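Chemist: Going letter by letter, the sequence shown gives residues 81 to 471 in my numbering. Every residue, glycine too, gets a C-beta built ideally from N, C-alpha and C. These figures come from a predicted structure and were not determined experimentally. Please find one structure pasted underneath; my questions will follow.
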Amino acid sequence: MLRPLALALATWAFVGGAAAQPMTPANQAVADAEDAAALLRAALGQLADAVAADDQVLALTEVIRGYELGLAALRDGLRQASAREAELRDRFEAQRERLGQVLGAMTALQQSPESTMLLHPAGALANARSAMILSAVTPGLRAEAEALQADLDEIATVRELQANAAGMLGAGLASVQEARRLLVSATKDRSSMPVRYAEDPEELQELHAAADSLDAFADGIARMEKDVGAPMEDFESARGNLPLPVIGTILRPYDEPDAAGVRRPGWVIATPPAALVQTPWPATIRYRGPFLDYGNVMIVEPARGYLVIFAGLAQVFGEVGDVLKAGDPVGLMGGTEAPAQEFGSQFVTDAVRGGEAGRSETLYLELRQGNETLDPADWFVLNPVVEPQQD
């Protein structure tokens, strides 16, 4: 079903020699790419074992998550490698005149016969002095040449990494898009999802119609008399250790005003198109669907008195009352990737630019306790996958 991606991974010949080469910044990027390929291979292996519908949801989620983790690792490696290339090119530019003199001297030594170089009109003593000067200068020229060759080899490694990464990503794109399509279908078909309580559509509809803000809507849901039972796990013990629900870049932290001066009591996260959003903790779905201009909203309850809000999704999975496990998919972001023939090269370009380049969608994340909002920075773990905005 996803064999094209497996075949594409086999084309990563450039990763095989990374361990045998000196660990330069460029070679570290190659090692990161190898780790990314391993993540993808592991996910594909799990997909083959999926049989039941629930197992397929889990396997497809891991395929997509593994792919996105691989992209994040590759993105970071490409950014670091490109920064190294820029550093080397800046060094060449700063030393252009001296390097020109070194290359000129080396060319002269190569083209001039040794006997002619050692002849001197002042006689034998001058010949001896000339030989001593040449013997002293030649090792220095050789060292300069070796350093220059090492820098050029490192730049070549970066270029090879970029070219191979672009080819692999373009080849594997269709398979990952198919995995997303199958995930949407599988979440609709699964039949063993536990249900904590029956939906009360009238109460939700009245609340939805009356609320004029996401804050008022979430506050109303928190006040709805729904006994979700005792917390399945100690949610408060997860403070500071929750995984981020999506891969991306934090554009605006908690309560930071945007360009228009609007403050939001949550995080705005830039994500790639069609990114997978997962629940960070076992939770019950309290609401899912469109709301005002937020796009699709998913509100889940990880424990009595707490709500986690996701807003801005293109698709949402599950129904009100469904009980989710940690890591279950709650939806997909909108947007579309570039066509396969352009995707890889576009990804490389965006990775080199860094920041939110290539992350065209925005997920809003809010955490509430009762009618109070909480700073996600106190609860979620930042890591290389979800990174703060770069200055």
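1) Assign Q136 to buried or exposed, taking buried as 16 or more other Cβ atoms, counted over all protein chains shown, within 10 Å of its Cβ.
2) From A418 to R164, what distance separates their C-alpha atoms?
3) Are three or more beta carbon pairs between the stretch 454-463 and the stretch 322-338 nearer than 8 Å?
4) Nearest to A296 by CA position, among D115, E173, L372 and Y147, is which residue?
5) Quick check: what's the CA-CA separation for T359 versus G438?
6) Could you check whether I349 and L454 sit closer than 8 Å to each other, using their CB atoms as the reference points?
7) Would you kindly work out how many angstroms separate the C-alpha atoms of D112 and E286, rounded to a whole number?
8) Rounded to a whole number of angstroms, what is the C-alpha to C-alpha distance between R448 and S317?
9) Would you list, in sequence order, the uninterrupted alpha helix (DSSP H) runs of no fewer than 4 residues that lie entirely inside the stretch 318-394?
10) Distance, Cα to Cα, L387 vs L294?
11) Please name the residue in G411, A391 and V403 whose C-alpha comes closest to that of A355.
12) Please state whether DSSP places N451 in a helix, a strand or coil.
13) Nearest to G392 by alpha carbon, out of G385, A174, V400 and V377?
14) Helix or strand or just coil, what does DSSP make of P419?
15) Apply the 10 Å Cβ neighbour rule to D430 and answer buried if 16 or more other Cβ atoms are within range, or exposed otherwise.
16) DSSP state of L294, grouped into three classes?
17) Out of G434, L331 and A166, which one is the CA nearest neighbour of R159?
18) Using beta-carbon positions only, say whether I365 and A298 come within less than 8 Å of one another.
19) From what residue to what residue does the beta strand (DSSP E) around G411 run?
20) Please state whether DSSP places L154 in a helix, a strand or coil.
21) Return the chain-ordered list of same chain residues with a C-beta closer than 7 Å to the C-beta of D231, the five sequence neighbours on each side being excluded.
22) Given this structure, state the Cα-to-Cα distance separating Q395 from R171, to the nearest angstrom.
Modeler: Per the coordinate set shown:
1) Burial state of Q136 is buried, judged by a 10 Å Cβ sphere holding 16 or more other Cβ atoms.
2) Near 27 Å, if we compare the C-alpha coordinates of R164 and A418.
3) Contact between the stretch 454-463 and the stretch 322-338 is established, with three or more Cβ pairs separated by less than 8 Å.
4) Selection D115, E173, L372 and Y147 evaluated against A296 yields L372 as nearest (Cα-Cα).
5) Straight through space, the alpha carbons of G438 and T359 are spaced by roughly 24 Å.
6) Remark: C-beta atoms of L454 and I349 do not approach each other more closely than 8 Å.
7) Between D112 and E286, the C-alpha separation is close to 51 Å.
8) Cα to Cα, the separation comes out at about 16 Å.
9) Assignment of alpha helix (DSSP H) within the stretch 318-394, counting only whole runs of 4 or more residues, yields no such run.
10) C-alpha separation (whole angstroms): 12 Å.
11) Cα-wise, what sits closest to A355 is G411.
12) Looking at N451 - three-state DSSP - the assignment turns out to be coil, as it is neither helix nor strand.
13) Across the set G385, A174, V400 and V377, the C-alpha of V377 shows the shortest separation from the C-alpha of G392.
14) Correct three-state label for P419: coil.
15) With a threshold of 16 other beta carbon atoms within 10 Å, D430 meets it and is buried.
16) DSSP places L294 in helix when its eight states are reduced to three.
17) Looking at the Cα atoms, G434 is the closest of the given residues.
18) Taking 8 Å as the Cβ cut-off, I365 and A298 do not qualify as a contacting pair.
19) First-last of the beta strand (DSSP E) with G411: P409 to L412.
20) Helix at L154.
21) The answer, listed in chain order, is L168.
22) Looking at the two C-alpha atoms, the distance is approximately 48 Å.
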